[in-house]
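Heads up: the structure comes next, in structure tokens.
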């Protein structure tokens, strides 16, 4: 009988403990095939290797016994386990490519799903004629074929190859040097595979076999860092990973930041996102549990047991009211099927089918009813096609640059929107706003006669905008509809303040009482100017355009609110400051997003900020640019796969914490940087509740330096920060509460990060940072004779150490990316007391475990 005693207390380890306390064992592979002494056994005794079709051991003049393949014999080898089946792993080997092969495609190793025929493989030379080797993911269920390419491997020369996988991040190393990195949506962990093939795969084409030699195959269940791969190549002991955790060591003089609680700026209305395009398939076809989880991730304002946000707490949801191009199919001349939308209005123009857009309705109802999202917005790219001039959802080439909505149907269009608002209101979904038109400045036409377009859209002249808003406003007024209208969703901010085109200078046109186009006083018209942050999102224009917009809006009476209603990393502004052809990492893309949000808030004084679009099919050219959630629907629509990128978490640093009704506060910084200088430094924005009982500050550090900030409050009526919490998004952690132990009013902002500070405002005598409880546990598992250590996440704990009660270090285990559990075998240890220590950045916690055997 085993007796388990778990004492869930934190111990202080004093200096008399052994100097080995801070030591570290070597990082070991989970499987290792050295082929020494003509032995094909796994030296870790974890797996088995089987040689097939004349695969043999060969005495190489340089490396001794090695594994040899012959393409003519279709030889291959197989390991009886898929050793690359985790989100964090490394495969390393020496490779000699014999020059006898013909053809271009060769398969060096492969993970293969025999049921779906999906695979993940490495080829030393792809067949595309670009002189590259490739790590390739071919996910058949989703018709998704992706590659990370590096320089082609040479023949007749021994090379060391290492490939690391950290979630979707794949890096290729040749002879200890990084040669390429990129993203693959589906890594080996997503395949249902039970083996790992080398040299070829008998279950696939006969064309991929290779004549080559392999030696020293090592597989690790963690993604080794760059310095660790270099050590592996140089046959040195693998050191601790460098630059793979958040650096909290600040350099330089502290920056003084003063937040003035009496300097109130704009009142925040919402942070939101759009359901455009891909939401329909997800909501219509995905399993209920996944849809529920997605809704929670988007709309929840709760915290989990560790204090981390459950979701990003969107406070606005944009519902695309469809035009009917989906019913037209290919005749719609919209080339991308997912961008065609259904329409509630039937072709008779009199009746409705409320089962249309059922997938979008799922998330609409989740937002409005289940999560009580503050603002529900209905928006359109095109009016219903039965009302358009060409019965299409876009302007045909050669026609006037004006709306495709027939003039005689303005009133029917208004009635259509009124009917939608009233129907959903009866069902418990209240549309707070309707946005009846989108980016009126653009032509929205194909490049040739009878050509196709990629989405719905229509231009509008300023006169047409005036007329249609008047028509809708009168309709809503006659029917006592409380929903408000906002315009104009300008394609870029400068269309509000300048230009002479058909839809330019809109701020002065629609919000100036003396303008013939003025909409002030129109029924249902909201005094909200909306624009999109595209195109003017880099360099000095990022600031100057918003300064000009804000200054001009302040001259109007009444002064309108400003909403930024659509943005993603479109164009080239997002990569401003990076080298040409450079591929931005997820975090670098996220910092570009954060920079634009901060300037829109701090300079344009926006009260609402909305992202385009929520779901998209992965990255664009390997960069996270167009969506918060990368979502893929299987070809048979039976299921789907999603991935939360750094844009999602970074947006959550704003949306989860800056809540509707909060007011932005004035900030003074001791370095006196102007807004255009801040965009390449550290940016700050602060908010408080109407009762001034809470404060939120966002810091965006775009630099490579960790910075210390001394934070003070001005005009605070004696209030100070109480129970501050810090939430971080950077390359190593995602919207996670941090275990910090800083001095009063001191903040560290890590390099390349987005940090959110929240605190109560109380009259207090002292301040202590609140550290989340239950981050780290340890217990003895009776049935398995192991000590099990569970970790909340590796933003808190980066390694776990096992000690005897006298302080002798027994074993160290480093955590891989995202790893939340480690185990120590105790079968070789005597009964007694053991100390299990979790260590990380500003974290050191020890659990005492007592094991007694009878």
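In the numbering used here, the protein residues as written are -8 to 845.
Glycine included, every Cβ here is placed at the ideal spot set by N, Cα and C.
Measure the CB-CB distance between residue i and residue j and report whether it falls below 8 Å.
| i | j | result |
| --- | --- | --- |
| residue 589 | residue 676 | yes |
| residue 554 | residue 494 | no |
| residue 196 | residue 91 | no |
| residue 679 | residue 652 | no |
| residue 148 | residue 189 | no |
| residue 454 | residue 479 | no |
| residue 598 | residue 258 | yes |
| residue 325 | residue 445 | yes |
| residue 606 | residue 622 | yes |
| residue 619 | residue 600 | no |
| residue 310 | residue 369 | yes |
| residue 467 | residue 515 | yes |
Measuring alpha carbon to alpha carbon, tell me which residue in the options is nearest residue i.
| i | options | result |
| --- | --- | --- |
| residue 128 | 153, 152, 100 | 100 |
| residue 358 | 430, 341, 263 | 263 |
| residue 213 | 805, 159, 820 | 805 |
| residue 636 | 648, 608, 654 | 608 |
| residue 504 | 432, 551, 477 | 551 |
| residue 768 | 796, 830, 700 | 830 |
| residue 656 | 672, 299, 687 | 687 |
| residue 181 | 330, 301, 73, 270 | 73 |
| residue 385 | 418, 423, 431, 415 | 431 |
| residue 770 | 720, 824, 731 | 824 |
| residue 741 | 234, 426, 132, 714 | 234 |
| residue 314 | 328, 302, 668, 332 | 332 |
| residue 176 | 835, 627, 611 | 611 |
| residue 35 | 281, 628, 21, 44 | 21 |
| residue 48 | 580, 206, 159 | 206 |
| residue 720 | 638, 85, 144 | 638 |
| residue 567 | 260, 163, 816, 671 | 671 |
| residue 143 | 534, 114, 228 | 114 |
Secondary structure at residue i, three-state DSSP: helix, strand or coil?
| i | result |
| --- | --- |
| residue 829 | strand |
| residue 51 | strand |
| residue 701 | strand |
| residue 823 | strand |
| residue 272 | helix |
| residue 720 | strand |
| residue 674 | strand |
| residue 15 | The pLDDT assigned to residue 15 is 41, lower than 50, so where the model puts this residue is not dependable, and the model offers no usable value. |
| residue 254 | strand |
| residue 729 | coil |
| residue 842 | strand |
| residue 759 | For residue 759, the predicted structure reports a pLDDT of 47, less than 50, and the residue's modelled location is therefore unreliable. The matter cannot be settled from this model. |
| residue 818 | coil |
| residue 653 | coil |
| residue 330 | helix |
| residue 241 | coil |
| residue 501 | helix |
| residue 468 | helix |
| residue 404 | helix |
| residue 751 | strand |
Nearest-angstrom Cα distance between residue i and residue j?
| i | j | result |
| --- | --- | --- |
| residue 367 | residue 241 | 42 Å |
| residue 172 | residue 141 | 8 Å |
| residue 525 | residue 691 | 20 Å |
| residue 728 | residue 753 | 21 Å |
| residue 152 | residue 66 | 21 Å |
| residue 429 | residue 80 | 46 Å |
| residue 842 | residue 779 | 12 Å |
| residue 254 | residue 544 | 20 Å |
| residue 461 | residue 507 | 13 Å |
| residue 293 | residue 304 | 8 Å |
| residue 777 | residue 120 | 53 Å |
| residue 757 | residue 713 | With a pLDDT of only 48 at residue 757, under the threshold of 50, the placement of this residue in the model should not be trusted; the figure read from the coordinates follows. For residue 757 and residue 713, the distance between alpha carbons rounds to 8 Å. |
| residue 136 | residue 97 | 17 Å |
| residue 821 | residue 275 | 58 Å |
| residue 759 | residue 361 | Caution is warranted here: a pLDDT of 47 is assigned to residue 759, below 50, making its placement in the model unreliable, and no coordinate value can be reported. |
| residue 12 | residue 231 | Here the model assigns residue 12 a pLDDT of 30, short of 50, so the residue's position is not dependable, and the following value carries that caveat. Distance between the alpha carbons of residue 12 and residue 231: 15 Å. |
Going by DSSP, which residues form a beta bridge with residue i?
| i | result |
| --- | --- |
| residue 205 | 58, 86 |
| residue 40 | 70 |
Measuring only between beta-carbons, confirm whether residue i sits less than 8 Å from chain E.
| i | result |
| --- | --- |
| residue 654 | Chain labels in this structure do not include chain E; a single protein chain is all it has. |
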